[in-house]
Amino acid sequence: MKLTGVELRRIRMPLVAPFRTSFGTQTERDILLLRVVTAEAEGWGECVALADPFYSAEYVDAAADVLRRYLVPALAGRPGLDAVGVAPALAPVKGHRMAKAALEMAVLDAELRGQGRSFGRELGAVRDRVPCGVSVGIMGSIGELLDAVEGYLDAGYVRIKLKIEPGWDVAPVRAVRERFGDELLLQVDANTAYRVSDARHLARLDPFDLLLIEQPLDEEDIHGHAELARTVRTPICLDESITSAATAADAIRRGACAVVNVKPGRVGGYLEARRVHDVCAAHGVPVWCGGMLETGLGRAANVALAALPGFTLPGDTSASDRYYRTDVTVPFVLDGGHLPVPAGPGLGVAPLPDRLAEVTTATEWLPL
Ligand code: NPG
131 MKLTGVELRR IRMPLVAPFR TSFGTQTERD ILLLRVVTAE AEGWGECVAL
181 ADPFYSAEYV DAAADVLRRY LVPALAGRPG LDAVGVAPAL APVKGHRMAK
231 AALEMAVLDA ELRGQGRSFG RELGAVRDRV PCGVSVGIMG SIGELLDAVE
281 GYLDAGYVRI KLKIEPGWDV APVRAVRERF GDELLLQVDA NTAYRVSDAR
331 HLARLDPFDL LLIEQPLDEE DIHGHAELAR TVRTPICLDE SITSAATAAD
381 AIRRGACAVV NVKPGRVGGY LEARRVHDVC AAHGVPVWCG GMLETGLGRA
431 ANVALAALPG FTLPGDTSAS DRYYRTDVTV PFVLDGGHLP VPAGPGLGVA
481 PLPDRLAEVT TATEWLPL
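Following this note's numbering, the numbering of the sequence shown begins with 131 at its first residue and continues without gaps.
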């Protein structure tokens, strides 16, 4: 492919309700979208970096800066470029995986649209729909939490993930278990809020038969997670710690996790995400697809990834209305607790021009 240029587009999307995690409260998303233009087709990428560096080191202004100054220019003068060539071309730049992932996603979308092939087919999807879980934020009271969970179960979600932090863990888990029963697929996510010295406290979650505890400790603390896994019976799942297929293999080998959350942005792209899936499958470690409050663009690609055979647990692939009153694409709507894997070329969805214009706060064209 011959790239003509890349458009950076910032959009502002208010959330339907505040979303509180152990690292802060989101009330809106400030999202960076990329549009890659080639002679044959256009492609869209979505950068999952948040406005502030509290989930990970990356943040959206930094992503825009590194794309503008280093990543997009690194694709110049490469007439035969395809999506597989993007990561090697960007490798001289350290880190910035979310920014790299967005650029690779846009190039892959353009390439697949040009060939009339879908993301699902390219990645190796084996299902045409995927079961969906939902992530439920920290609430002001247990009553409020139970009402929220009830609403999501009524909507059809097949698995509930509760955000936890010290002071909001055993009691909300117990309340949800007691109210909704033992059959409910339930898991928790700490976003690094605990220390290894909390092991005995976290073991108090064991009686509630959770699917997993996600990222209890600091992202760099692989050894601590391995130690925790020896005290706590609930399977440990890693999110923030897993930045590549190599780190996944290392964490598994060291006994730090029994489950892996795969987020393409966090690992540098959908092609590396597939390699994480492959490494985990080779070790018999189940994976599921994480979410970063994506618009319909990122959601389309996530649903395609979640249709790979090793994704044996429901993902955070919720419907558009979980976060947004109106999406930038035709909305993803839950059907019997599932979302359809788009079958059209590339992502299979594209932004609706009027809707995109409404939420756009800035655009910038980077010629190549
Ligand atoms: O459904 O898209 C979604 C979000 C799922 O809880 C979710 N994401 O740590 O996994 C996480 C968490 C998150 C929330 C990450 C806010 C970043 C910001």
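Beta carbons: idealized from backbone N, C-alpha and C, even for Gly.
- Ordered along the chain, which non-local residues of its own chain (more than five positions away) have a Cβ less than 7 Å from that of residue 139? 163, 165, 490 and 493
- Would you mind sorting residue 346 into buried or exposed? The rule is 16 or more other CB atoms within 10 Å of its CB. buried
- Under 8 Å between the Cβ atoms of residue 329 and residue 362? yes
- Query: Do residue 235 and residue 176 have their C-beta atoms closer together than 8 Å?
  - Reply: Using a Cβ distance threshold of 8 Å, residue 235 and residue 176 count as a contacting pair.
- Message: On the CB-based measure, 16 or more other CB atoms within 10 Å of its CB, does residue 291 come out buried or exposed?
- Response: buried
- In the structure shown, what three-state DSSP assignment does residue 343 receive? Three-state result, residue 343: strand.
- Query: Looking only at C-alpha atoms, which of 422, 495 and 136 sits nearest to residue 188?
  - Reply: If we check each option's Cα against that of residue 188, 422 comes out closest.
- Query: Among residues of its own chain, excluding the 5 on either side of residue 161, which ones have a beta-carbon nearer than 6 Å to its beta-carbon?
  - Reply: 141
- Express the C-alpha separation of residue 327 and residue 401 in angstroms, rounding to a whole number. 37 Å
- Message: Would residue 343 and residue 378 qualify as a contact pair, given that the criterion is a beta-carbon distance under 8 Å?
- Response: no
- Message: Let me check understanding here. Comparing Cα to Cα, which of 244, 196, 256 and 231 lies closest to residue 171?
- Response: That would be 244, whose Cα lies nearest to the Cα of residue 171.
- My guess is that residue 375 and residue 406 are in contact by the Cβ rule of under 8 Å, so how many angstroms apart are they, rounded? 5 Å
- Message: What would DSSP say about residue 410, mapped onto helix, strand or coil?
- Response: Residue state, collapsed to three classes: helix.
- Query: Is the CB-CB distance between residue 446 and residue 426 below 8 Å?
  - Reply: Inclusion of residue 446 and residue 426 in the CB contact set at 8 Å is not warranted, their separation being larger than that value.
- Item | Sequence-distant residues of its chain with Cβ nearer than 8 Å to residue 350 (five each side left out) | 371
- Nearest-angstrom Cα distance between residue 216 and residue 317? 35 Å
- Are residue 213 and residue 237 touching if we call contact CB-CB under 8 Å? yes
- Query: Rounded to a whole number of angstroms, what is the C-alpha to C-alpha distance between residue 429 and residue 260?
  - Reply: Straight-line measurement puts the Cα of residue 260 at about 12 Å from the Cα of residue 429.
- Query: Do three or more CB pairs link the region 282-296 to the region 306-314 at distances below 8 Å?
  - Reply: yes
- Contact check, residue 196 vs residue 223, beta carbons under 8 Å: yes
- Query: Taking the C-alpha atoms as reference points, what is the distance between residue 159 and residue 211?
  - Reply: 32 Å
- Message: Does the beta-carbon of residue 424, which I'm using as the reference point, lie nearer than 7 Å to any heavy atom of the ligand NPG?
- Response: yes
- Query: With respect to 7 Å, is the separation between the Cβ of residue 173 and the closest non-hydrogen atom of the ligand NPG below this value?
  - Reply: No; taking the cut-off as 7 Å, the Cβ of residue 173 has no heavy atom of the ligand NPG nearer than that.
- residue 151: CB within 7 Å of a non-hydrogen atom of the ligand NPG: At least one heavy atom of the ligand NPG is nearer than 7 Å to the Cβ of residue 151, so yes.
- Limits of the unbroken beta strand (DSSP E) element including residue 331: That residue, residue 331, is in no beta strand (DSSP E); its alpha helix (DSSP H) goes 329-332.
- Task: Mind checking which residues open and close the beta strand (DSSP E) that includes residue 149?
- Result: That run of the beta strand (DSSP E) goes 133-151.
- Query: Per DSSP, residue 366 is paired with what?
  - Reply: 343
- Message: Once the 5 residues before and after residue 443 are set aside, which same chain residues still bring their CB inside 6 Å of it?
- Response: 416 and 418
- Nearest to residue 440 by CA position, among 240, 200, 254 and 134, is which residue? Taking only the C-alpha atoms, the option nearest residue 440 is 254.
- Exposed or buried, which one is residue 241 when buried takes at least 16 other CB atoms within 10 Å? buried
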